Each structure stands twice: as structure tokens, then as C-alpha cells.
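Q: Numbering (full-length UniProt numbering), first residue to last: 1 to 397. For every residue, glycine included, the Cβ atom is placed at its ideal position computed from N, Cα and C. Just so you know, these numbers come straight off a predicted model, no measurement behind them.
(1) Can you give me the start and stop residues for the beta strand (DSSP E) that residue 255 sits inside?
(2) Tell me, please, which residues DSSP counts as bridged to residue 144.
(3) Taking only the alpha-carbon atoms, compute the straight-line gap between residue 391 and residue 350 and give it to the nearest angstrom.
(4) With burial defined as no fewer than 16 other Cβ atoms inside 10 Å of the residue's Cβ, what is the status of residue 101: buried or exposed?
(5) For residue 252 versus residue 285, is the C-beta distance shorter than 8 Å?
(6) Going along the chain, which residues of its own chain have a beta-carbon closer than 6 Å to the beta-carbon of residue 242, five neighbours each way excluded?
(7) Taking the DSSP output, what are the residues bridged to residue 332?
(8) Is it right to say residue 142 is buried, meaning 16 or more other beta carbons lie within 10 angstroms of its own, or is it exposed?
(9) For the beta strand (DSSP E) containing residue 171, name the first residue and the last one.
(10) Can you give me the Cβ contacts of residue 131 inside the same chain, cut-off strictly under 7 Å, excluding the 5 residues immediately before and after it?
(11) Compute the Euclidean distance between the alpha carbons of residue 81 and residue 95, then round it to the nearest angstrom.
(12) Quick check: the Cα distance between residue 54 and residue 288, rounded to an integer number of angstroms?
(13) DSSP on residue 452, reduced to helix/strand/coil?
(14) Just to confirm my understanding: we take residue 62, look at its own chain, exclude 5 residues before and 5 after, and list those with CB closer than 8 Å. What are they?
(15) Excluding the five sequence neighbours on either side, which residues of its own chain have a C-beta within less than 8 Å of the C-beta of residue 269, listed in chain order?
(16) Is residue 138 near residue 109, with beta carbons less than 8 Å apart?
(17) Any contact of the segment 304-319 with the segment 334-351, i.e. 3+ C-beta pairs under 8 Å?
(18) Helix, strand or coil: which one does DSSP assign to residue 316?
(19) Buried or exposed: which applies to residue 134, given that a residue is buried once 16 or more other Cβ atoms fall within 10 Å of its Cβ?
(20) Using CA atoms only, rank isn't needed, just tell me which of 35, 317 and 20 is closest to residue 27.
(21) Mapping DSSP to helix, strand and coil, what is residue 281?
(22) Can you name, in chain order, every residue of its own chain whose Cβ lies under 8 Å from the Cβ of residue 167, other than the five neighbours on each side?
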């Protein structure tokens, strides 16, 4: 049976592409050096200390079917965190637990994207570069993916307001990641107000991917639902977050989606038929994690240390931009694939070519001249790796 064309046309995922790119190279290491893999956004800071105990106390929950939308305790903890973090008064009916944000970012498109918009096939707006699930969600609902450059010239955020009105009128969903993956840019209140206003004028939803929201340099990033609520337009935004980055628990697969009662009801309805709820012990750990901020503050302090290390080691490289939020460096190079091969061959360091996170549009791939570097290791390991990286890619001067 033939694979549907909408999926067969998708490029290979970034990490298999990287393995193929480096498959013929032995890592170049000096005696005593170990390879450094700085490709995947998998936090390596310590998990919260209470995880094992909470998991053990609730291990009997594996003998029961989990609650689809999330246990009352987990939903209450998420609503409480949204209140403390953003000043939102959210009832549990406006929230659903997720198997990480990737599940939600995909399934919300299935639940909420119409088959037509104003009598035409819908469009889904995607920042370019982008998290790859946005594109496969558009393919799944047979919408037209519109890749909108998020470059230095646009502040590393997509200029959706600059798109033609006729395209915006058939837009169903606009994805936004803030802090951005991979560039680390933060959408400020003015940007978010303009985007929500655009969504209201042209009748589309904003899917706000905020999984890096708790990793930032100075000021906590504003939230899209927070801004939309203040505008009286909360029904225009569906927001996604998780414990993967905030709490260093990527393997827990625990996140949430929040929005209006009507939008969340549709997502819950899909979950009841086709979703995969979180095991009850995982939900108990999630509840404890959303109620605790001490471990988040400790982890954020480590990221701030690494921001300072990156600024010191790389700050005078032409085109270097300090991270505002998240934990990725988006470093300028002549060619991302060539730079990744050189770095692996000469220093045993793996980074991700920026082109693997972007899509070519009209002959231009906005990620081609970059590599993404994940600052997930300990500060001392990070510093050693960045010094080696600088020597190979930029020289030691």
C-alpha cells in the first residue's frame, strides 16, 4: 500500500540526517578527551529530588487506567502554576494533561483545524526555522504549511503581520515558539498583542509553544494566553508547556495544553478516542513538580551560568547573539553541514546543522548558515566544549 503523499514528502527528521552526515567520520579527540554531543535539547541537570519517592508512593496506579484529561490534583496544580506565573484565573475545564508538548502540538491541530477556511483549503503558519512537529501536523490535516522566515532581520520571530491579507484570511492556525527554538528569541508583549489582534481580525488560532518559558536570562517571558486574556481574546490562543525543560524531566512525558473551554473540550474529545493518557504515577510526579519552584530556580541559575560562559567565550565572534531564553546557541557559520562535519572530525563535538531545522522556500533555507548548540551539559563541560568549538570553527584569536 502506498504511503500517503502528504507524509512521504516530509524530509527525514533532523537526527537521522545528522547520523548519516557524520557516519564516515571518526571523532577527532586529543588524549583524555571525550566526545561531546550538543545536539539534542535533553536537559542534563538533576531531576527534582522528590521524583523517586512520589513515583514509588503511587506505583499502584499502574494497575489502573489513567484519567484521560488528567487527575484533579494534576489539573489543580497546573491551574495554580498558571495563576502564580501569569496571573491567570484558570479552571480545570480549560486545561488537559499531555504526553509532552509534542503530542499536544500535533493533536490540537487534528482537533481544531477546519477542513476548509472561507471555502478554501486552510493554511497553517509555521516559523522557519521551526520544531518539526508543526510541519507534520499541517500535513496530517492536509493544510498548506506556510513557512515564514524568522531571521535576524525579523528579530528571529516570524513576521506574520507582513503576510498578504488573502493568505491570513484562510489561515486556521499560527504556530509560535517563545522562547524560540532554536534562536532563543523572546516574543515580548507588543509582539504577542499584535499577533493576537491579527488572529482576531483574520479569525485564526495561535498555538503558543512555551516549553522553554522557565529558562531565561533576566525577565520572565510573557505568556501568549496571559496577553490574550488581558485583551479579552483568550479564545484565540491555545498554549502548550511541559516539565521536560522546566523540571529536567524529558522522560516523564508530562505537559499540558490550556485555552478556552470550547477549544479544550474539542482536544479532550479527541483524546477520549485516540489519545494516550499519562500513567497515574507520572501524573502524581507532575502534580508535585508543578507545585514546586525551588528546583526550577536552581536549574535556571545553572543556565544563567552557561549564558555567561557562552558570552565570554564566543561574544566577540561576528554575528554572535546572546541567548535571551531557552538553552540553544544559534551560531553563524558559512555552511552548517560543513561546520558540523569539521567540528566532529577535529574536536569530537556534535552540533546540529541549522538547515535541518528549516525548510527551503524559494531557494533559500534560513538555517543553512547556522549550527544549533544545546547548552545542556554542566557548566564546566560546557565551557570546555565551547572553547574547543571556538578554536575549530572561528580560530582562537
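A: Considering the structure as presented:
(1) 255-258
(2) 123
(3) 15 Å
(4) buried
(5) yes
(6) 100, 101, 211 and 255
(7) 370
(8) exposed
(9) 171-177
(10) 177, 181 and 209
(11) 12 Å
(12) 8 Å
(13) The displayed coordinates of the chain run from 1 to 397. Any statement about residue 452 would go beyond what the structure contains.
(14) 279, 280 and 281
(15) 111
(16) yes
(17) no
(18) coil
(19) buried
(20) 35
(21) helix
(22) 123 and 146
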